[in-house]
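So for the sequence shown, the working numbering puts the first residue at 903; every next one is plus one. This report concerns only the one structure given below.
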Amino acid sequence: MRERLDLIIRGGTLVTASDRYRADLGVKDGRIVEIAAALSDADEVIDATGLLVLPGGIDAHVHLAQPTSDGTVMADDFETGTRSAAAGGNTTVLPFAMQQKGSSLRDCVQDYHSKAEGQCYTDISFHLVISDPTPQVLGQELPALVRDGYTSFKVFMTYDDLVLNDAELLEVFDVARRERALVMVHAEGHDAIKYMTQRLEDEGKTAPYYHAEAHHQAAEREATHRAISHAQMTDVPVMIVHVSGRDPMEQIQWAQRRGMKVHAETCPQYIVLTRDDLKGLNMDFEGAKYVCSPPPRDSDSQAAIWEGLRDGTFDVFSSDHCPFYFDGPENTGKDNPKARTSFKWVPNGIPGVETRLPILFSEGVSKGRISLERFVALTSTNPAKLYGLYPQKGALVIGADADITLWDPTKTAVISQDKLHHGCDYTPYEGMRITGWPTRTILRGETIVLNGGIVAKMGVGTYQTRGTSAALDTLGGN
Ligand code: DUC
Ligand code: ZN
Ligand code: ZN
């Protein structure tokens, strides 16, 4: 006879990346141990009648407690960021450990571990950011870190303090191939953005809206193609992150049609915001609330992104949660005196870790644009596979962590700042009507959020060491 279960989730509809079916799910010691038509004998039974039983959301792209070059303080640390993530139906988030130029990558990773230790409500795992690819970093620190389970890293093609030139990018890509890591690329052409910024400023065009003109879609298209070419030359898979519109997406499709291993991520801001949001009320500073990079585009790009979400061009849907206050303490928000002189000083990034799943569900599943199975693939299963967490995470299978989100597909809500759990002082999605909302978030068998209320203690979330990305599982790169 089997041991008594700790938990049964009874009567719900289980949804995976490929199927949906009615079943009970049994949990023991934090893991899924049984899936059957009818289960009994457990310490706790949760009635999931009428609810969807989903693998917990995995947000593969968030920024928490990241220092900035101008001293702007990020609005979320590990406590508030993971609290917000959990309330939005997520059980794992992947923040960045960002190398500062001149510092050791290993020290930087230790620093982020100290900031996160004991503070998290969800499980976490770090991507690295390589901003200073010295021989020491590329030859020793990075290979050692990949072997220790930091199996993905991001590089930037823009920003003065982060940009890598083509030779540096190629070197980093080479290390990714040798060490079997997944390289993530912020693809926007630096020189073109700088040129456009200067030209706009010379014309007196300094309002937040002009951020969207300076970060032109052509600069993203060009850089996306360049990143793909580098990946081809170094024979390594890549992940193009935060793809904003039709132009860069077409470059990705071009590569995918040729059989190259080019993976892609998109985000909520590219399906529900447009560059017009950066105008604010009347080209005023309210527009700063929507400043992120790449910026939202137009309705044609939104339509293209939906096609890509449907047809598999995109593997992953992440928030790119990068929260800066609007009215920050001591002028540390987007609305600071320097930012009022030019859009180029407005911190780039918007919050969204709590609203990612509801927005994609409501706009995608409830409106019939994507299937439930595709929703699960984009928000949980694919990120788990591509970032080396599968099948421990992202799957409703025997042996997996019991990371589960119960979802009410009929529950309606209006997104509003006063109901969110993040540390930021605004949401760019204020007033959005949503159909479909998470009612319970379960991390390794323990309920951490119930009907919008946090019921777990801080520190339940732990650090997850990752394996090799599924993008590198098969022989060959590009
Ligand atoms: N890139 C990100 O990934 N997030 C916010 C800003 C940026 O440039
Ligand atoms: Zn980026
Ligand atoms: Zn980001």
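Just so it is clear, CB atoms sit at the ideal spot from N, CA and C, and this is done for glycine as well.
Worksheet entry | Where alanine 1372 sits in the DSSP three-state scheme | As a first step, residue 1372 is located in the sequence shown; it is residue number 470 there, counting from the start. DSSP places alanine 1372 in helix when its eight states are reduced to three.
Discussion item. Between which two residues does the alpha helix (DSSP H) holding leucine 1072 run?
Written reply: Locating residue 1072 in the sequence shown gives position 170, counting from the first residue. That run of the alpha helix (DSSP H) goes 1068 to 1081.
Item to complete: Closer than 6 angstroms by C-beta to glycine 1210: which residues in its own chain qualify, once you throw out the five before and the five after it? Chain order, please.
Response: Taking the first residue of the sequence shown as 1, we reach residue 1210 at position 308. Cβ neighbours of glycine 1210 beyond the five flanking positions: Met1151, Phe1216.
Worksheet item: Between serine 1318 and tyrosine 1328, what straight-line distance do the alpha-carbon atoms span, to the nearest angstrom?
Response: Within the sequence shown, residue 1318 is the residue found at index 416, counting from 1. Within the sequence shown, residue 1328 is the residue found at index 426, counting from 1. Computed Cα separation, rounded: 8 angstroms.
Discussion item. Strictly by DSSP, which residues pair up with glycine 1355?
Written reply: Sequence index remark: in the sequence shown, residue 1355 carries index 453 (1-based). For glycine 1355, the beta-bridge partners assigned by DSSP are Leu1352.
Discussion item. Taking the straight line between their C-alpha atoms, what separation do you get for glycine 934 and isoleucine 948?
Written reply: Taking the first residue of the sequence shown as 1, we reach residue 934 at position 32. Taking the first residue of the sequence shown as 1, we reach residue 948 at position 46. The sequence shown places isoleucine at residue 934, not glycine. If you take the alpha carbons of isoleucine 934 and isoleucine 948, they lie about 14 angstroms apart.
Worksheet entry | One or two residues paired with proline 1340 in a DSSP bridge | Taking the first residue of the sequence shown as 1, we reach residue 1340 at position 438. Proline 1340 is bridged to Trp1309.
Worksheet item: First and last residue of the beta strand (DSSP E) that includes asparagine 992?
Response: Along the sequence shown, read from residue 1 onward, the residue named residue 992 stands at position 90. Where asparagine 992 is concerned, the enclosing beta strand (DSSP E) stretches over 992 to 1000.
Worksheet item: What residues match up with arginine 924 in a beta bridge as DSSP calls it?
Response: Locating residue 924 in the sequence shown gives position 22, counting from the first residue. Paired residues: Thr915.
Discussion item. Give me, in chain order, the residues of the same chain whose beta-carbon lies closer than 7 angstroms to that of valine 1164; leave out the 5 immediate sequence neighbours on both sides.
Written reply: Sequence index remark: in the sequence shown, residue 1164 carries index 262 (1-based). For valine 1164, where only same-chain residues beyond five positions count, the Cβ hits under 7 angstroms are Ile1130, Ala1133, Val1140, Ile1142, Ile1154, Ala1157, Gln1158.
Worksheet item: If you count every other CB in all the chains shown that lies within 10 Å of the CB of glycine 1378, and 16 or more means buried, which is it?
Response: Translated into positions along the sequence shown, residue 1378 becomes position 476. Only weak support is given to the placement of glycine 1378: the predicted model assigns it a pLDDT of 46, under 50, and the value that follows is read from those uncertain coordinates. Classification of glycine 1378: exposed, given that the 10 Å Cβ count is below 16.
Worksheet entry | From Asp1062, Ala989, Arg912, Leu953, residue whose alpha carbon lies closest to that of phenylalanine 1353 | Residue numbering aside, residue 1353 sits at position 451 when the sequence shown is read from its first letter. The sequence given here places asparagine at residue 1353; phenylalanine does not occur at that position. Ranking Asp1062, Ala989, Arg912, Leu953 by Cα distance to asparagine 1353 puts Ala989 first.
Item to complete: Would you kindly report the start and end of the unbroken alpha helix (DSSP H) that includes aspartate 1202?
Response: To locate residue 1202, count along the sequence shown from 1; it is residue 300. From DSSP, the alpha helix (DSSP H) with aspartate 1202 extends over 1201 to 1213.
Discussion item. Please give me, in chain order, every unbroken run of the alpha helix (DSSP H) with length at least 4 that falls completely inside the segment 1264 to 1292.
Written reply: 1274 to 1278, 1284 to 1288, all fully within the segment 1264 to 1292.
Worksheet item: Regarding histidine 1092 and ligand 2, is the C-beta to nearest heavy atom distance less than 7 angstroms?
Response: Taking the sequence shown and counting its residues from 1, one reaches residue 1092 at position 190. Checking the Cβ of histidine 1092 against ligand 2 gives no.
Fill in: Closest residue to valine 995 among Leu1072, His1223, Leu1322 (Cα-Cα distance)
Position 93 of the sequence shown, counted from the start, is the residue given in the question as residue 995. The shortest C-alpha separation from valine 995 is found at His1223.
Item to complete: Just the C-alpha distance for lysine 1287 and threonine 1364, rounded to the nearest angstrom, thanks.
Response: In the sequence shown, the residue the question calls residue 1287 occupies position 385. In the sequence shown, the residue the question calls residue 1364 occupies position 462. Lysine 1287 and threonine 1364: Cα-Cα distance of roughly 19 angstroms.
Worksheet item: Helix, strand or coil: how does DSSP classify arginine 933 here?
Response: The residue labelled residue 933 in the question sits at position 31 within the sequence shown. Strand at arginine 933.
Discussion item. Suppose you measure from the CA of leucine 1402 to the CA of threonine 1136; what does that come to, to the nearest Å?
Written reply: In this structure the chain extends from 903 to 1380, so residue 1402 is not present and cannot be described.
Practice prompt. Whole angstroms is fine: what's the gap from lysine 1313's alpha carbon to methionine 1086's?
Written response: Position 411 of the sequence shown, counted from the start, is the residue given in the question as residue 1313. Position 184 of the sequence shown, counted from the start, is the residue given in the question as residue 1086. Roughly 35 angstroms between the two C-alpha positions.
Worksheet item: With burial defined as no fewer than 16 other Cβ atoms inside 10 Å of the residue's Cβ, what is the status of lysine 1236: buried or exposed?
Response: Position 334 of the sequence shown, counting from 1, holds the residue named residue 1236. Under this definition lysine 1236 is a buried residue.
Worksheet item: Buried or exposed: which applies to proline 1037, given that a residue is buried once 16 or more other Cβ atoms fall within 10 Å of its Cβ?
Response: As a position in the sequence shown, residue 1037 is number 135, starting the count at 1. Exposed.
Worksheet item: How many angstroms separate the CA atom of aspartate 1375 from the CA atom of aspartate 1104?
Response: Position 473 of the sequence shown, counted from the start, is the residue given in the question as residue 1375. Position 202 of the sequence shown, counted from the start, is the residue given in the question as residue 1104. Computed Cα separation, rounded: 50 angstroms.
Worksheet item: Hey, is cysteine 1224 close to ligand 3, as in C-beta under 7 angstroms from one of its heavy atoms?
Response: Start at 1 with the first residue of the sequence shown, and residue 1224 comes out as number 322. Yes, since a heavy atom of ligand 3 falls inside the 7 angstroms radius drawn around the Cβ of cysteine 1224.
Discussion item. Whether or not the segment 1200 to 1210 and the segment 939 to 948 are in contact is what I'm after, with contact meaning three or more pairs of Cβ atoms, one per stretch, closer than 8 angstroms; do they touch?
Written reply: Taking a cut-off of 8 angstroms on C-beta distances, the segment 939 to 948 does not touch the segment 1200 to 1210, as fewer than three cross pairs fall below it.
Fill in: Whole-angstrom distance between glutamate 1019 and leucine 1280, CA atom to CA atom
Taking the sequence shown and counting its residues from 1, the one referred to as residue 1280 is at position 378. Taking the sequence shown and counting its residues from 1, the one referred to as residue 1019 is at position 117. Taking the straight line joining both Cα atoms gives about 28 angstroms.
Worksheet item: Counting Cβ pairs closer than 8 angstroms, one from the segment 964 to 980 and one from the segment 919 to 933, do we hit at least three?
Response: Contact fails: fewer than three Cβ-Cβ distances are below 8 angstroms.
Practice prompt. Find out if the Cβ-Cβ distance for the pair phenylalanine 998, isoleucine 1032 is shorter than 8 angstroms.
Written response: The count along the sequence shown starts at 1 and reaches residue 998 at position 96. The count along the sequence shown starts at 1 and reaches residue 1032 at position 130. Result no, Cβ atoms of phenylalanine 998 and isoleucine 1032 do not sit closer than 8 angstroms.
Worksheet item: Smallest Cα separation from glutamine 1294: which of Arg1079, Ser1195, Gln1366?
Response: Taking the first residue of the sequence shown as 1, we reach residue 1294 at position 392. Scanning Arg1079, Ser1195, Gln1366 for the CA closest to the CA of glutamine 1294 turns up Gln1366.
Worksheet item: Just how far apart, CA to CA, sit arginine 1342 and tyrosine 1023?
Response: If you number the sequence shown from 1, residue 1342 lands on position 440. If you number the sequence shown from 1, residue 1023 lands on position 121. One C-alpha to the other measures close to 14 angstroms.
Fill in: Sub-8 angstroms separation of glycine 1384 and serine 1268 beta-carbons
As shown, the chain starts at 903 and ends at 1380. That puts residue 1384 outside it, with no answer to give.
Fill in: Check: asparagine 1250 C-beta below 7 angstroms from any heavy atom of ligand 1
Position 348 of the sequence shown, counted from the first residue, corresponds to residue 1250. Yes.
Worksheet item: For tyrosine 1227, which three-state DSSP category applies?
Response: The residue you call residue 1227 lines up with position 325 of the sequence shown. DSSP places tyrosine 1227 outside both helix and strand once states are collapsed to three, so it counts as coil.
Worksheet entry | Residue closest to leucine 1030, alpha-carbon to alpha-carbon, out of Gln1002, Gln1021, Tyr923, Ser1016 | Here residue 1030 is taken as the residue at index 128 of the sequence shown, counted from 1. Nearest option by C-alpha distance: Gln1002.
Worksheet item: For valine 1143, is the beta carbon positioned less than 7 angstroms from some heavy atom of ligand 1?
Response: For the purposes of this step, residue 1143 is identified with residue 241 of the sequence shown, where counting begins at 1. Yes, ligand 1 has a heavy atom inside 7 angstroms of this Cβ.
Worksheet item: Hey, is cysteine 1194 close to ligand 1, as in C-beta under 7 angstroms from one of its heavy atoms?
Response: As a position in the sequence shown, residue 1194 is number 292, starting the count at 1. Yes.
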